[in-house]
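Asks: Structure below; questions to follow.
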Amino acid sequence: MNFQEALDFSGLQIQKQYPKKHKFPLLKLPKVVLLECIENLDVLEIIPFSLLSKRAKTIAKLICWSPLDICFRFNRTLQICLKLSTDPDRKWIINYKTNYKTEKYPYYIFEKSDSSVSHHFVLNDNGNPAEDSKRMVEHICDVFRSPISDFHIFDESFIEWIINFQPIIRNVLIPNYVVRSIETLDRILKNLKVTENFHLGSIKTDEKYTEPISSRSVTIKDSFWITLPSIINGTNSIIYLYNSIFTPNDLNTILKEWRMGIKLRNLEFLVINISTMLDWGRFTDEVFKDLNPTESNKNVGRPTKVKIDDEITYTLGEEEEYVNLIRSDGMIGSVFNEYAGNDGEKIFRRFMLQVWRRQP
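Residue numbers (UniProt numbering): 1 to 360.
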């Protein structure tokens, strides 16, 4: 790949403005000398350099980088966000933008706040940013010897790509209506291992899903398609279900299974938003049937913060009323039932189960 092809590949559009006699033959330097020249380059300087040729890429890969966090996301535009684990407050972001203004691409933007620094490298969207960004991510992963850590599947065309390129990934977010069927969802869940956080928006389906979702933390919007076996037979630590159709009897089953201690062993925090026609008394009677919980309105050692994922922490007030269930291994399940509004006779409630152990 020659110089211009490399720049075209990375989205850079430049003109050869200088005659050859003024150009320094950087790539013809001995490997050791060239490595010394580039080892202090910035992340966003190394990437264009590594695209110049196979030799440039090989030499760039010799730099001893700390592990790089690579986030491939869609935030109004396609973005590839890079962070070093040793410097989490500094970000390097590659943006793909449509040329609707007068800027000449590429260009850099530097942003600084009290807590972070961001370096933006803005490339022109030449009509196929999806494919361009895929190749760019593949190249970055290779050069920096780092996997994608966070991935937003913002288009169905990315599903097969990520399954083939990196079937094990830390965090995945799928926005509303990207997944259009249970079959597509099943393919994702069976072929893509999400080790930490799986966040799924609304999907279009009339079918139900009975298999567990294996991620440590699961957040699902419009979770009407999730069934009780999917929750009870899972190994999740964090579960957050919006707009569930679970009944008070289903919640009772979850609590009984947790207290028996065979299933839901890893559970730390569960939130289920449901709607019901039952008043408060009848609702709580069904939820706690045959459980005999103990009431508690004092926080005696119970943690008040629960980490949902890398960016979200849920706070539970110290003075909130709740009841406790005790498991045979000493784990405590604190159950909260919150009123979340109503629509006529339909009452919305937020059911929460926090699992913790009292410290000696």
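Glycine included, each C-beta is placed from N, C-alpha and C at the ideal position.
Helix, strand or coil, according to DSSP, for W225 in the structure here?
Replies: For the purposes of this step, residue 225 is identified with residue 225 of the sequence shown, where counting begins at 1. DSSP places W225 in coil when its eight states are reduced to three.
Asks: Taking just the CA atoms, how far does M277 sit from S66?
Replies: Locating residue 66 in the sequence shown gives position 66, where the first residue counts as 1. Locating residue 277 in the sequence shown gives position 277, where the first residue counts as 1. Approximately 55 Å, taken between the alpha carbons.
Asks: Since E257 is in the alpha helix (DSSP H), which residue starts that stretch and which ends it?
Replies: The residue given as residue 257 occupies position 257 in the sequence shown. First-last of the alpha helix (DSSP H) with E257: 248-260.
Asks: Can you say whether K31 is buried or exposed, counting buried as having 16 or more other CB atoms within 10 angstroms of its CB?
Replies: Translated into the one-based positions of the sequence shown, residue 31 becomes position 31. Looking at its Cβ environment, which holds fewer than 16 other Cβ atoms inside 10 Å, K31 is exposed.
Asks: Check the C-beta distance from residue 365 over to V122 and give it rounded, since I have them as a contact under 8 Å.
Replies: Outside the shown range of the chain, which is 1 to 360, sits residue 365, and nothing can be said about it.
Asks: Cα-Cα, which of N233, I148, E345, V300 is closest to K83?
Replies: Counted from its first residue, the sequence shown places residue 83 at position 83. Residue I148 is the option with its Cα nearest to K83.
Asks: Determine the burial state of N176: buried for a count of at least 16 other Cβ atoms within 10 Å of its Cβ, exposed for fewer.
Replies: Residue 176 sits at position 176 when you count from the first residue of the sequence shown. Exposed: under 16 other Cβ atoms inside 10 Å.
Asks: Hey, is the region 332-339 in contact with the region 313-323, meaning 3+ C-beta pairs nearer than 8 Å?
Replies: yes
Asks: Hey, is the region 267-275 in contact with the region 240-253, meaning 3+ C-beta pairs nearer than 8 Å?
Replies: yes
Asks: I need the straight-line Cα distance from R145 to N197, nearest angstrom please.
Replies: Against the sequence shown, residue 145 aligns to sequence position 145. Against the sequence shown, residue 197 aligns to sequence position 197. In a straight line, the C-alpha of R145 is about 22 Å away from that of N197.
Asks: Helix, strand or coil for T77? Go by DSSP, reduced to three states.
Replies: Taking the sequence shown and counting its residues from 1, the one referred to as residue 77 is at position 77. T77: strand per DSSP, three-state reduction.
Asks: Per DSSP, which one or two residues make a beta bridge with V323?
Replies: Start at 1 with the first residue of the sequence shown, and residue 323 comes out as number 323. Paired residue(s): E295, V335.
Asks: Should Y55 go down as buried or exposed, given a rule of 16 or more other Cβ atoms within 10 Å for buried?
Replies: Working through the sequence shown from its first residue, we reach residue 55 at position 55. Rather than Tyr, the amino acid found at residue 55 in this sequence is Arg. By the 10 Å Cβ count, R55 comes out exposed.
Asks: From L81 to L185, what distance separates their C-alpha atoms?
Replies: Taking the sequence shown and counting its residues from 1, the one referred to as residue 81 is at position 81. Taking the sequence shown and counting its residues from 1, the one referred to as residue 185 is at position 185. Strictly speaking, residue 81 in this sequence is Cys, with Leu absent from that position. Taking the straight line from one Cα to the other gives about 26 Å.
Asks: Is it right to say M352 is buried, meaning 16 or more other beta carbons lie within 10 angstroms of its own, or is it exposed?
Replies: Locating residue 352 in the sequence shown gives position 352, counting from the first residue. With 16 or more other Cβ atoms within 10 Å, it is buried.
Asks: Sorted by chain position, which residues of the same chain lie with C-beta nearer than 6 Å to T313's C-beta, five sequence neighbours on each side aside?
Replies: Taking the first residue of the sequence shown as 1, we reach residue 313 at position 313. Exclusion of the five residues before and after T313 leaves K305, K307 as the residues of its chain whose Cβ lies within less than 6 Å of its Cβ.
Asks: Can you grab the Cα-Cα spacing for the pair F348 / L78, in whole Å?
Replies: By 1-based counting over the sequence shown, the position of residue 348 is 348. By 1-based counting over the sequence shown, the position of residue 78 is 78. Computed Cα separation, rounded: 36 Å.
Asks: Using 8 Å as the threshold, is the C-beta distance between W258 and P303 below it?
Replies: Against the sequence shown, residue 258 aligns to sequence position 258. Against the sequence shown, residue 303 aligns to sequence position 303. No, the Cβ-Cβ distance between W258 and P303 is not below 8 Å.
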